[in-house]
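Quick notes on the structure that follows.
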Amino acid sequence: MSLTKLDIYSVRNIVQDSIKPSSNINLIYGDNGSGKSSIIEAIYILGRAKSFRSTSIKTVINFSENQLTVSAQTQQNNGLNLHLGVQLNPKQISCHINHQLTKKRSDLAHALPLQIIHPKSFELLDAGPQLRREFMDWGVFHDNENFVQNYSNFKVALLQRNALLKSKQVQQIDVWNKEFAYYGTIVNSFREIYLLKFKPIFIEVLNSFFNINNIDLKIFPGWDNSIELHQILNSNLEKDLRYGFTQFGPHRADFLLTIDSRLAKDIVSRGQLKLYVISLKLAQMQLLLNENINQGCFLIDDFSAELDIVNREKLLLYLSKMNCQVFITATQQSEFGDLSKINNYKMFHVEHGNIKSV
Ligand SMILES: Nc1ncnc2c1ncn2[C@@H]1O[C@H](COP(=O)(O)OP(=O)(O)O)[C@@H](O)[C@H]1O
Ligand SMILES: [Mg+2]
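The opening residue of the sequence shown carries number 2 in our numbering; numbering runs sequentially from there.
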């Protein structure tokens, strides 16, 4: 998949602009406050129908407008051209595929798989497990078309069960225990299958940055899975009632990245940790490519804020060899490093919300 034409209306300081990106590397530079992150934001909105920086969409809409629009022509893996469009205002989200309204955001996510690296991405390995579950599930979602439905059935069971726990109505809990255990076990097995495929690719990507041995990636399912999930629910009912919510299950899952059996986040340097996070994200994209799933867009905001020049050049070379579309921002052209080995790239300059192809 690649965006062949991108149209942006009223995203932060970009009032209206249109670009024809390269199907591989797109380098965007401009002064602070010129609108670089706003371009990344626009592409992110097109794939996810939400902002990556802000919880309130109102702040993303240009101050003098009341809604924003991002649309694009895309070329999909199967050769088809799809038109994608997202319109957001504080009251409504509308997503279009080939000018047909779609209710499911997951359709958009399938048409435009997105990976993003921005300063907050580096919390992936040292913040709480929520981010890592989201990371894992992004991969599982693209890997297995049955994941969304099973996950949403699981989520319903979890919410219903928690509501019963809170109101201490245990007489109906058996019904939801069954659903919870059934769908929860499926969700976990999808995650395990994914992680198994993901791990060798991750290690390979990581080795393109540095040689490292004894690295391991393990899933924690969210409960002691030597015991069946429905049994866990039964034996912890008293505890669940006390807390008013379900203590164990796939909603508590995590993955652990270890080196010599020690948690990576506790022993590697800050700079190395960034390369681990980047490698995790690259590996997810690489797996899509290997499996011939619709490959996506890789977004990197604030390139030089995160990496030294040596690793920036390595990363850019890696991305240029990977068959995916990339958008990278920096304040100076020179921050992209030596471009002599990069074939298929386009450079854009942003100034006061105007984008020019250079
Ligand atoms: N809702 C908005 N409407 C108009 N301008 C905005 C809005 N939100 C932020 N801005 C301005 O947009 C400019 C571009 O922001 P940004 O894309 O983050 O810049 P960059 O990434 O190039 O440093 C900033 O100067 C900011 O003040
Ligand atoms: Mg920025």
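Built from N, CA and C at the ideal position, the CB exists for glycine as well.
Note that this is a predicted model, so its numbers are computed, not measured.
Q: Would you mind sorting P91 into buried or exposed? The rule is 16 or more other CB atoms within 10 Å of its CB.
A: exposed
Q) Does the count of Cβ pairs from the segment 230–243 and the segment 192–207 closer than 8 angstroms reach three? A) no
Q) Sorry if obvious, but does the Cβ on S38 come closer than 6 angstroms to a heavy atom of ligand 2? A) yes
Q: Please list, in chain order, all residues of the same chain as D217 whose beta carbon is under 6 angstroms from its beta carbon, the five residues on each side excluded.
A: T259
Q: Helix, strand or coil for H111, going by three-state DSSP, please let me know.
A: helix
Q. Is R13 near ligand 1, judged by its Cβ being under 6 angstroms from some heavy atom?
A. yes
Q) Just checking my contact of N304 with A331 at CB under 8 angstroms: how many whole Å lie between their CB atoms? A) The displayed chain sequence assigns Phe, not Asn, to residue 304. Right, the Cβ-Cβ distance comes to about 4 angstroms (below 8 angstroms), so this counts as a contact.
Q: Kindly examine ligand 1 and report whether one of its heavy atoms sits closer than 6 angstroms to the Cβ of N63.
A: yes
**Q.** Beta bridge counterpart(s) of R263 as assigned by DSSP
**A.** I260
Q.
The alpha helix (DSSP H) that contains T247, what's its start and end?
A. Element bounds for T247: n/a, residue is neither H nor E.
Q. Cβ of N67 within 6 angstroms of any heavy atom in ligand 1?
A. no
Q: State the DSSP-derived secondary structure class of N151, mapped to helix, strand or coil.
A: helix
Q. Thinking C-alpha only, which one of E352, W139, K200, M2 is nearest N78?
A. M2
Q: With distances taken Cα to Cα, identify the nearest neighbour of N312 among I62, V206, L159, G140.
A: V206
Q. Looking only at DSSP bridge pairs, what is E84 linked to?
A. A small fix is needed here, since residue 84 is His in this sequence, not Glu. H84 pairs with Q74.
Q: Just confirm the distance between the C-beta atoms of N25 and S321, as a whole number of angstroms; I'd bet it's less than 8 angstroms.
A: 6 angstroms
**Q.** Between the CA atoms of F210 and K156 - distance to the nearest angstrom
**A.** 38 angstroms
Q.
Report the start-end ranges of each alpha helix (DSSP H) in the segment 143–215 that is 4 residues or longer and not cut off at the edges.
A. 148–167, 174–208
Q: Use the C-beta contact count for R263: other C-beta atoms within 10 angstroms, 16 or more gives buried, fewer gives exposed.
A: exposed
Q: Would you mind giving the Cβ-Cβ distance between N14 and S39, rounded to the nearest angstrom? I have them listed as a contact below 8 angstroms.
A: 6 angstroms
Q | Sequence-distant residues of its chain with Cβ nearer than 6 angstroms to V71 (five each side left out) | A | I9, A43, I46, L47, V87
Q: Compute every distance between the C-beta of S55 and the non-hydrogen atoms of ligand 1, then say whether any falls below 6 angstroms.
A: no
Q. Closest by CA to A110, which one among I356, G297, E314?
A. G297
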